[in-house]
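Here full-length UniProt numbering is used: the first residue of the sequence shown is 1, the next is one more, and so on.
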Amino acid sequence: MARKSNPSVIPSDCGRSSRHLLSTPAWKINHHCLSYRQRALLAYERAKLLGLAYGFSKEDLADLTCKFWDLHTDPLTVIDGAATTLLTIQYNLAAGTLVQHSEGRTDVDVLIDDLLTFKKIGQFLLTEVGHGLDVGNLETTATRLPSGDYSLHTPAPSAAKFMPPTVPVGTPTVGVVFARLLVDGEDRGIRPFLVPLNDGDQMCAGVTARLLPYRELSSPVNHSITSFNHVRLPSSALLGSPEKSMFPRLELLNSIWRVAIGSIALGSIGVPAMKVYSAIGTLYSQRRFIGDISDRHPILSFRTQQIPVLTAVARTYALDAFRRWAVARFSDTSEDPRIRHGIAACFKAVAVQFTQCASLEISERCGAQGIQSVNMMTNMHAEMRGIAIAEGDILGLSIRLVTELLLERYKLPISENPQSLLARHETGLFREQRSLLGSAPSHRSPEFSKLILPRCQSMVEAIGHRMAYDAAAASGMMPSLLNLYECSIVKLDPAWYVENAALSRRDQDDAEVRALDDVLPHLTSFVEQMEIEPYVRAPIRSDTAWDAFVDQLDVFEGVGHVTLDGRRALMKTRL
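Laid out in structure tokens, this is it:
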């Protein structure tokens, strides 16, 4: 169990704040009143303002400083997911990949500066329509010509690059495009190339972008399908050496290392998202009453309302402690890259799981108002669905990680509390799966696919649950809050604890009741210490905010009298 201490504030590691941007026109505007197209364009302006507020340098990207990680826990990232998408592509994927190849390249250094200051937009074109996560079989080709230049080509519709927003929006756009390098007919593996995509007003010669329909509920992004028709590139477009690698798979993984960084960076957005869910659930439940004037009670007085709200609060603190621990371990370059990647996968899996659970449970407890996009929760739910797939699909990451752990190719950090319930659960699940692996011919057999693959994501989540518990305990999180976090995780697999930990259903329920009772008196304090309320724009957060929201709605008023013979009353509309 954790050492006894007071609940701690969840501050920014570097003490940076974007709060001043809330009063700027781009962030102050009510984007719900805009069209999808207008919102998509607004996202570029918001991304630029947020990026410039942090003042990134090349070293911040190369060394993964606290400034880099702070950006991905900035509360503004959950207000406009489109701006966040553009910003993390620009800084982490595009500029970050260029940093890896900038040694001795003054031209690349100049471009990095242009990306950091948003003089140009950067995109990262890896995934293809017909291949998805199967990046090792990409079809896009870059053929070296006798002159030393390259011809970039999309040989089939299945080879078109999928999702990166490449259509013109007024600022020149360049892309890091991954293609199969062909030299004198020899396949030399997949390499990144620097490619001009548009000049801000129109696409560059040979480059075609098709704008995809905007995703419903989430903030609109100009996602596109991009193809190339024998685009002539100078020899300097190749990032890296044209020589054939002795270890092509390893070189590919190294060239897309920023995707692994993106897994933990995007997962970090779950922290401010959880804070917002916790705040909305708390504030709404405190201001919403039932009963007549003489006997009114806030709905928070009911245990059915307390469970999702208090659970979200406990998981928020645990997730933030997990993030700090995971970032520290991931940033240790002396660590085995596979272990760093595994930690990122575990963190992302838990971050998405927690936010998705909170969005559904708390929005439902806010009734019909909870499903209105203006109250943020349905929008954030859609954003986290995108994050679950971006920079490494969670299921794909889980299958790879669990397979390698079962084959004992490496080990993740062990628990500091091996006798805790969550550590025992993790150990027990792996014991079960190793037994199944022993009965399968190999990890590529149908038996492995049928028996083990379906369990991989839940196993990775179990590792992450234990890591979060250990991090929370080490951070000195209040024991009652830690206990509630533990109870909430036990409820995710209650049968295992009945079968293996001698915890009956009644035991599990009683433990949760005690934890809830202990945490409830501190709820307001816990939420206040998250310092998230200035970023909560949901009208249901307060009576004042609700009244202001209602006052700005379009009004339709009746004039005259309604008769019983079916004639309509005259109407007037105030817009």
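Using N, Cα and C, we set each Cβ at its ideal position, and we do this for glycine too. Just so we're clear, the structure is a prediction, and the values are computed from it rather than from any experiment.
(Q) Per the DSSP calculation, T208 is bridged to which residue(s)? (A) Here residue 208 is taken as the residue at index 208 of the sequence shown, counted from 1. DSSP, once it has assigned bridges, lists S227 as partnering T208.
Roughly how far, in whole angstroms, is the beta-carbon of H32 from the beta-carbon of S373, given that I think they are within contact range, below 8 Å?
-> Mapped onto the sequence shown, residue 32 falls at position 32. Mapped onto the sequence shown, residue 373 falls at position 373. With 8 Å as the limit, H32 and S373 qualify as a contact, their Cβ atoms being about 7 Å apart.
Other residues of its chain near S12: CB distance less than 6 Å, five sequence neighbours each side excluded
The residue labelled residue 12 in the question sits at position 12 within the sequence shown. For S12, the pLDDT reaches just 44, beneath the cut-off of 50, and the residue's location in the model is therefore unreliable, although a value from the coordinates is still provided. Hits under 6 Å: D70.
### Query
What residue does the alpha helix (DSSP H) around M163 start on, and which one ends it?
As a first step, residue 163 must be located in the sequence shown, where it is residue number 163. Taken as a continuous stretch (DSSP letters only), M163 belongs to no alpha helix (DSSP H), being part of the beta strand (DSSP E) at K161 to M163.
| query | Hey, out of F228, L360, I264 and D336, whose CA is closest to I280's CA? | reply | Counting from 1 along the sequence shown, the entry for residue 280 is found at position 280. Closest by alpha carbon: L360.
Inter-residue spacing [alpha-carbon to alpha-carbon] between D493 and L182:
On the sequence shown, residue 493 is found 493 positions in, with the first residue counted as 1. On the sequence shown, residue 182 is found 182 positions in, with the first residue counted as 1. Cα to Cα, the separation comes out at about 51 Å.
Thinking C-alpha only, which one of T403, I463 and P454 is nearest A423? Here residue 423 refers to the residue found at position 423 of the sequence shown. Comparing Cα positions, the closest option is I463.
Quick one, which of Y150, L319, H101 and Q123 has its alpha-carbon nearest V225's?
Within the sequence shown, the letter at position 225 stands for residue 225. The question names Val, but residue 225 in the sequence shown is Ile. Checking every option, the nearest Cα to that of I225 belongs to Q123.
Assigned secondary structure, H297 (DSSP; H/G/I helix, E/B strand, else coil): The residue you call residue 297 lines up with position 297 of the sequence shown. Correct three-state label for H297: strand.
Taking contact to mean 3 or more Cβ pairs, one atom from each stretch, closer than 8 Å, check whether the segment 278 to 294 and the segment 361 to 371 are in contact. yes
DSSP on M203, reduced to helix/strand/coil? Taking the first residue of the sequence shown as 1, we reach residue 203 at position 203. Strand at M203.
| message | Looking at the strands, I want to know which residues DSSP matches up with L182. | response | The sequence position of residue 182 within the sequence shown is 182, counting from 1. The partner list for L182 (beta bridge, DSSP) reads T143 and D187.
Buried or exposed: which applies to A314, given that a residue is buried once 16 or more other Cβ atoms fall within 10 Å of its Cβ? For the purposes of this step, residue 314 is identified with residue 314 of the sequence shown, where counting begins at 1. Buried.
Practice problem: Can you grab the Cα-Cα spacing for the pair R303 / F56, in whole Å? | Solution: Within the sequence shown, numbered from 1, the residue matching residue 303 stands at position 303. Within the sequence shown, numbered from 1, the residue matching residue 56 stands at position 56. Going by the C-alpha atoms only, they are around 46 Å apart.
* Residue of T316, G267, Q306 and A95 minimising C-alpha distance to C346 -> Indexing the sequence shown from 1 puts residue 346 at position 346. Selected option, being the one with the closest Cα: G267.
### Task
Could you tell me whether the Cβ atoms of H230 and H153 are closer together than 8 Å?
As a working mapping, residue 230 is identified with position 230 in the sequence shown. As a working mapping, residue 153 is identified with position 153 in the sequence shown. It is a contact, given that the beta carbons lie within the stated cut-off.
Do you know whose CA, among L217, H341 and Y54, lies nearest S35's CA?
Working through the sequence shown from its first residue, we reach residue 35 at position 35. The shortest C-alpha separation from S35 is found at L217.
Original post:
For the candidate residues G438, T524 and C357, whose alpha-carbon lies nearest to that of E408?
Top reply: One-based indexing of the sequence shown puts residue 408 at position 408. Measuring from the Cα of E408, the nearest candidate turns out to be G438.
Given that a residue counts as buried once 16 or more other Cβ atoms are within 10 Å of its Cβ, and exposed if not, what is T333? Counted from its first residue, the sequence shown places residue 333 at position 333. Exposed, because fewer than 16 other Cβ atoms sit within 10 Å of the Cβ of T333.
Requested in this report: Can you tell me which of R431, I532, G81 and W325 puts its alpha carbon nearest to the alpha carbon of L41?
Outcome: Working through the sequence shown from its first residue, we reach residue 41 at position 41. Checked all of R431, I532, G81 and W325; the closest Cα to L41 is G81.
Please name the residue in V527, S23, L61 and E557 whose C-alpha comes closest to that of T316. Reading the sequence shown from its first residue, position 316 is the one you call residue 316. Checking every option, the nearest Cα to that of T316 belongs to V527.
In terms of residue numbering, what span does the beta strand (DSSP E) encompassing G150 cover? Your numbering for residue 150 matches position 150 in the sequence shown. Per the sequence shown, the amino acid found at residue 150 is Tyr instead of Gly. Its beta strand (DSSP E) spans residues Y150 to H153.
Q. Would the beta-carbon of R188 fall within 8 Å of that of L238?
A. What you label residue 188 is simply residue 188 of the sequence shown in a count that begins at 1. What you label residue 238 is simply residue 238 of the sequence shown in a count that begins at 1. Against a cut-off of 8 Å, the Cβ pair of L238 and R188 comes out as no contact.
Selection from P213, E128, G148 and A142 that minimises the alpha carbon distance to P157: Taking the sequence shown and counting its residues from 1, one reaches residue 157 at position 157. Each of P213, E128, G148 and A142 was checked against the Cα of P157, and the nearest Cα belongs to E128.
According to DSSP, what are the bridge partners of Q123?
Within the sequence shown, numbered from 1, the residue matching residue 123 stands at position 123. Paired residue(s): G175.
message: Using C-beta distances below 7 Å, list every residue in its chain close to A53, excluding the 5 sequence neighbours before and after it, in chain order.
response: By one-based count along the sequence shown, residue 53 stands at place 53. Contacts found: S18 and L21.
| said: Using CA atoms only, rank isn't needed, just tell me which of T97, R37 and A43 is closest to L61. | reply: Here residue 61 is taken as the residue at index 61 of the sequence shown, counted from 1. If we check each option's Cα against that of L61, T97 comes out closest.
Point to revise | Among R537, M377 and R338, the one whose alpha carbon lies nearest that of A405 | key: Translated into positions along the sequence shown, residue 405 becomes position 405. Per the sequence shown, the amino acid found at residue 405 is Leu instead of Ala. If we check each option's Cα against that of L405, R338 comes out closest.
* Around the C-beta of A2, are 16 or more other C-beta atoms found within 10 angstroms, so that it is buried, or is it exposed? -> Here residue 2 corresponds to residue number 2 of the sequence shown, with the count starting at 1. Reliability fails at A2, whose pLDDT of 34 lies under 50, so the model's placement of it is uncertain and no value is given.
Going straight from the alpha carbon of H297 to that of L421, what length do you get?
Against the sequence shown, residue 297 aligns to sequence position 297. Against the sequence shown, residue 421 aligns to sequence position 421. If I take the Cα positions, the gap works out to 37 Å.
Quiz item: Secondary structure at V527, three-state DSSP: helix, strand or coil?
Solution: Counted from its first residue, the sequence shown places residue 527 at position 527. V527 falls in the helix class under three-state DSSP.
Within 10 Å of its beta-carbon, does residue 580 have 16 or more other beta-carbons around it, so buried, or fewer, so exposed? Here the chain comprises residues numbered 1 to 575, so residue 580 is not present and cannot be evaluated.
inquiry  = If you reduce the DSSP assignment to three classes, tell me which class I79 lands in.
reply    = The residue labelled residue 79 in the question sits at position 79 within the sequence shown. In the structure shown, I79 sits in coil (DSSP, three-state: anything other than H, G, I, E or B).
Distance, Cα to Cα, M246 vs I256? Start at 1 with the first residue of the sequence shown, and residue 246 comes out as number 246. Start at 1 with the first residue of the sequence shown, and residue 256 comes out as number 256. Distance from the CA atom of M246 to the CA atom of I256, rounded to whole angstroms, is 18 Å.
Taking the beta carbon of N222 as the centre, do at least 16 other beta carbons fall within 10 Å, making it buried, or is it exposed?
For this step, residue 222 is matched to residue 222 along the sequence shown. By the neighbour-count rule (16 or more Cβ atoms within 10 Å), N222 is buried.
V110 - containing alpha helix (DSSP H), residue span: Here residue 110 refers to the residue found at position 110 when the sequence shown is read from its first residue. T106 to L116 is the span of the alpha helix (DSSP H), which, as asked, contains V110.
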